[in-house]
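Working notes, beginning with the structure itself.
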Amino acid sequence: MNRGSWFGRRARPSRTASSVPEGIATKCASCGEILFARDFERNQKVCHKCQHHHRLSARERLAMTVDEETFVEIDGHLRSTDPLQFPEYLDKRKRAEEKTGLWEAVLTGTAAIEGIPVVIGVADFGFMGGSMGSVVGERVARAMEMGAAEGMPVVMFTASGGARMHEGLLALMQMAKTSAAAARLDLARIPYIVVLTDPTTGGVFASYASLGDIALAEPGAIIGFAGRRVGNQDVGTKLPDNFQTSEFQFEHGMIDRIVPRKEMRSVLAQLLGLLIQAVPNAE
Ligand SMILES: [Zn+2]
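Here my numbering is used: the first residue of the sequence shown is 41, the next is one more, and so on.
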């Protein structure tokens, strides 16, 4: 029964947790607690009971991170072709566009975080699993090139299942392209901060997501090249329960700090402030 319609509510964006009932409350995807929509939104989609950080859309993430009305999208006109004529690729992409209101799985642009100008990229897992095809790679690389050219720090929020198989080798090439762009950013002495969010895996983890000067992560995110199931098969032994989570990667030195969502904006501003002072090229 759709009780939401009794009150003339507009359709809500899709959620990762199942809605009970639609628009009024939702269920925590981790502990099952019933979360009232208004409180859930106010708590930045973090469960008040178990602190599970639910996935965010790129637009939601931007709204929580950058100063109001400072985001200006760049390269929004880029569109992927269908180089392999992969079955149903165009249909899948069209559905993803309608679902997310985006043209691709990453939004890039310029913005300010507590007054500090940055180039920012935010991935959207809701768009074909945040997969990196030629446009995602191109947008990420161009964002980094812009950071290098303009002397602006670059902040990337990652969320991806990996390379987009529908684009075959062209998708895999984006790993090299984004890695090369990150290396150029490094040569230009421009700070590059990565924020790994749930989930960051596959070809994105193995390229630009792992190349930040500083790597932050949200609590409880799945982070790693392959998940536990594949890992168990590969090594033939049972892997620890927290294998390939933010906490596991932090314990093993792959992540500098785990930052709860409500602190993310101020931590980013603090780090950017320090890095800008330390690196005279960056503004
Ligand atoms: Zn919960």
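Even glycine gets a Cβ: it sits at the ideal position worked out from N, Cα and C. Since we're looking at a predicted model, the values are computed, not measured.
With a CB to CB cut of under 8 Å and the five nearest residues on each side skipped, what residues in its chain are close to residue i?
{"i": "glycine 242", "result": "Ser200, Gly201, Gly202, Ala203, Phe265 and Ala266"}
{"i": "serine 59", "result": "At serine 59, the pLDDT of 49 sits below 50, so the modelled position is not reliable; the number obtained from the coordinates is stated separately. These residues qualify, in order along the chain: Arg52, Ala65, Thr66 and Lys67."}
{"i": "lysine 132", "result": "Met168 and His206"}
Under 7 Å Cβ to Cβ from residue i, same chain only, skipping five residues before and after it: list those, please.
{"i": "threonine 237", "result": "Phe197, Thr198, Ala199, Glu258 and Ala261"}
{"i": "alanine 136", "result": "Phe167 and Met168"}
With a 10 Å radius around its C-beta and 16 neighbouring C-beta atoms as the bar for buried, classify residue i as buried or exposed.
{"i": "glutamine 273", "result": "exposed"}
{"i": "histidine 117", "result": "exposed"}
{"i": "valine 162", "result": "buried"}
{"i": "proline 280", "result": "exposed"}
{"i": "alanine 255", "result": "buried"}
{"i": "lysine 134", "result": "exposed"}
{"i": "threonine 240", "result": "buried"}
{"i": "threonine 277", "result": "exposed"}
{"i": "cysteine 87", "result": "buried"}
{"i": "alanine 223", "result": "exposed"}
{"i": "lysine 217", "result": "buried"}
{"i": "glutamine 284", "result": "buried"}
{"i": "leucine 75", "result": "buried"}
{"i": "serine 250", "result": "buried"}
{"i": "valine 270", "result": "exposed"}
{"i": "valine 180", "result": "buried"}
Check the C-beta distance from residue i over to residue j and give it rounded, since I have them as a contact under 8 Å.
{"i": "glycine 170", "j": "alanine 145", "result": "5 Å"}
{"i": "proline 123", "j": "leucine 210", "result": "6 Å"}
{"i": "leucine 308", "j": "valine 195", "result": "6 Å"}
{"i": "alanine 221", "j": "methionine 184", "result": "4 Å"}
{"i": "methionine 304", "j": "valine 235", "result": "7 Å"}
Helix, strand or coil for residue i? Go by DSSP, reduced to three states.
{"i": "lysine 67", "result": "strand"}
{"i": "glutamate 100", "result": "helix"}
{"i": "methionine 294", "result": "coil"}
{"i": "threonine 240", "result": "strand"}
{"i": "glutamate 185", "result": "helix"}
{"i": "glycine 170", "result": "helix"}
{"i": "leucine 124", "result": "coil"}
{"i": "aspartate 144", "result": "The amino acid at residue 144 is misidentified as aspartate; the sequence shows glutamate. Glutamate 144 falls in the coil class under three-state DSSP."}
{"i": "glutamate 178", "result": "helix"}
{"i": "methionine 196", "result": "strand"}
{"i": "glycine 276", "result": "coil"}
{"i": "glycine 264", "result": "strand"}
{"i": "glycine 149", "result": "strand"}
{"i": "glutamate 113", "result": "strand"}
{"i": "leucine 256", "result": "strand"}
{"i": "valine 270", "result": "helix"}
{"i": "isoleucine 316", "result": "helix"}
{"i": "valine 307", "result": "helix"}
{"i": "glycine 208", "result": "helix"}
Would you check if the distance between the CB atom of residue i and the CB atom of residue j is smaller than 8 Å?
{"i": "phenylalanine 288", "j": "asparagine 282", "result": "yes"}
{"i": "arginine 182", "j": "tryptophan 143", "result": "no"}
{"i": "tyrosine 248", "j": "serine 219", "result": "yes"}
{"i": "arginine 229", "j": "histidine 93", "result": "no"}
{"i": "isoleucine 114", "j": "threonine 148", "result": "yes"}
{"i": "glycine 252", "j": "glutamine 214", "result": "no"}
{"i": "serine 174", "j": "glutamate 138", "result": "no"}
{"i": "leucine 96", "j": "lysine 85", "result": "yes"}
{"i": "proline 193", "j": "leucine 314", "result": "no"}
In chain order, what residues of the same chain have a beta carbon less than 6 Å from the beta carbon of residue i, not counting five sequence neighbours either side?
{"i": "aspartate 107", "result": "Ala152"}
{"i": "threonine 110", "result": "Ala151 and Ala152"}
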